[in-house]
Amino acid sequence: MTTMSRRAFLRSSGVGVGLGLAGGCAPAMKGDFAPKRGPRVVVIGGGWGGATAAKYVRLGDPAIEVILLEPNKQFVSCPLSNLVLSGVRSIDSLTFGYRGLRSHGVRIIHEAATAIEPDTKRVRVGEGYLQYDRLIVSPGIEFQTEQIAGLAEAGDQVLHAWKAGPQTVELARRLQAMPDGGVFVLTIPPIAYRCPPGPYERTCQVAWYLKHNKPRSKLIVLDANQNIVSKTGLFRAAWRDYPNIDYRASSKVVKVDTGAREVTTEFGDRVKYDVVNVIPPQRAGTIAVQADLVGADKRWCQVDHVTYESVKHKAVHVIGDSTIGLPVPKSGTVANAMGKICANAVVHLIGGKQPPAMPPVNVCYSWVSDKEAMAVINAYRIEGGKVVQIEQKLTPGQSQAFGQNALGWARSIWNDILG
Ligand SMILES: Cc1cc2nc3c(=O)[nH]c(=O)nc-3n(C[C@H](O)[C@H](O)[C@H](O)COP(=O)(O)OP(=O)(O)OC[C@H]3O[C@@H](n4cnc5c(N)ncnc54)[C@H](O)[C@@H]3O)c2cc1C
């Protein structure tokens, strides 16, 4: 292990969650460790989707008991975490507790769900289980490490920093420690992955940092996709300020060699690095895969577009990045919207009522420097039971005013999720 402690790394990588390393003040978890006395919703995952859903079920009907399973004791926001790499923000400024949810009567158990049993409506937690009437699953993404040779063996020598936390801080430290004249390599997976514009925002933040602190250094971006997949023209325009970016499309990385300090693309190009950041291909959170909520490709979960109920298992709803099939990006704004819509649907279903058809919304800001941002907004409606996009609008360019709007968006949505 390098500078990151083993415990911190285990927590950030998700390894060891089932071993109880994340701690928590759960009751002794054997058998039915919290017998159900009335209608109950269990939520798996206290991130952008799950925390929102837990709060809004309670707001929708305080007679429903809500139990949230989340191994981490703190919520760390991925949005704005690319600014930790440039040193513009601290990770502490993106870290929040769960006190607000408790004040709404959400019961939080800091443990991971280890299995879902749809037939008996039980969630397993170690040796015990919880009974539910409706289950909401929002476990985010997991990495398909096996798709890049050498990545699993590399351990924390190769960071993703795609779940905000200790890896983000460690990647920022490696960037700062890189000598002037060094090469930073960032690799982007094929879509679908969490936050389509996120890697290009990261490109801007790393390039901005290098421009101001290591002017002889460069950033090589190896993108598995044929072009920038989101806000294409806006990012191209922003990159005119960063001649230190060497962007290479259609360059899917298939191998990493930490001894030679190089990555290899599917066409055999070998690229040397001083610091590397590999964002691996992704799939739904492991619990969703184990519970057979994913499709034949074993990657993502198909859901009903009105209730977010799984197409595979009754009374199990899936929201956030783990879902596929709606014309929406895997964004925090969308996960938050799905959390509210799903909560409302679940409250209606438990009350024996027809849920209303409500479309989600998407707003996504990208920071292109320390102060300037740009944005895309998507509007949707529901037609014939399916979510369809009716409008997409981009900001005309980047500006400090949009940066201020981005900060306002973040404060407001963090409060909506956790406040
Ligand atoms: C660098 C970066 C920048 C981003 N910027 C933006 C942005 O500007 N705007 C935007 O809208 N989106 C942004 N996103 C995307 C956003 O972070 C995600 O879309 C959002 O977090 C998805 O929410 P979720 O609930 O699906 O997953 P998460 O928020 O990741 O929550 C999943 C939770 O489930 C928990 N969990 C997993 N398995 C279990 C289990 N078995 N039992 C219990 N709990 C479990 C995890 O610990 C985690 O807390 C960004 C992402 C990244 C990486």
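Residue numbers for the sequence shown follow our numbering, so the first one is 11 and each next one is one higher.
No residue lacks a Cβ here, since even glycine has one placed at the ideal position from N, Cα and C.
Quick caveat: nothing in here was measured; it's all calculated off a predicted structure.
If we call anything under 7 Å between Cβ atoms a contact, is residue i one with residue j?
i	j	result
Ala383	Gly413	yes
Glu137	Lys46	no
Val397	Leu359	no
Ile238	Tyr219	no
Pro81	Ala122	yes
Ala385	Glu401	no
Ser240	Pro207	yes
Ser332	Val326	no
Ala61	Ile351	no
Val86	Ala182	no
Leu185	Val285	yes
Ala63	Ala353	yes
Gly160	Asp279	no
Gly59	Ala345	yes
Arg50	Asp129	no
Ser148	Ile334	no
Val373	Thr343	yes
Ile387	Pro369	no
Ala217	Tyr257	no
Ala44	Leu111	no
Val179	Ile101	yes
Ala174	Cys88	yes
Leu79	Leu90	no
Ala248	Pro199	no
His114	Lys83	no
Gln236	Ala202	no
Ile77	Val52	yes
Am I right that residue i and residue j are in contact with their C-beta atoms under 8 Å? What's the rounded C-beta distance?
i	j	result
Gly55	Glu75	That belief does not hold up - the Cβ atoms of Gly55 and Glu75 are roughly 18 Å apart, past 8 Å.
Ile118	Arg204	Rounded, the Cβ-Cβ distance is 24 Å, inconsistent with contact.
Leu232	Asn254	15 Å between Cβ atoms; not a contact.
Ile126	Val356	About 16 Å separates the two Cβ atoms, so there is no contact after all.
Arg226	Gly191	4 Å
Thr197	Val263	4 Å
Thr317	Pro365	5 Å
Val168	Val281	No, Val168 and Val281 are not in contact; Cβ-Cβ is about 14 Å, not under 8 Å.
Val371	Gln408	About 22 Å separates the two Cβ atoms, so there is no contact after all.
Asp71	Gly361	7 Å
Per DSSP, residue i is paired with what?
i	result
Ser409	Ala383
Arg50	Glu75
His120	Beta-bridge pairing links His120 to no other residue.
Thr6	For residue 6 there is no data in the structure shown, the boundaries of the chain being 11 and 429.
Phe85	Phe106
Trp377	Ala383
Taking 6 Å as the cut-off, is the beta-carbon of residue i closer than that to any non-hydrogen atom of ligand 3?
i	result
Cys214	Within the structure as shown, ligand 3 is missing, the only ligands being ligand 1.
* Asked: Is there contact here, the stretch 289–301 with the stretch 148–163, by at least three beta-carbon pairs under 8 Å?
  -> yes
* **Cβ contact check for the stretch 293–304 and the stretch 261–280: 3 or more pairs under 8 Å** => no
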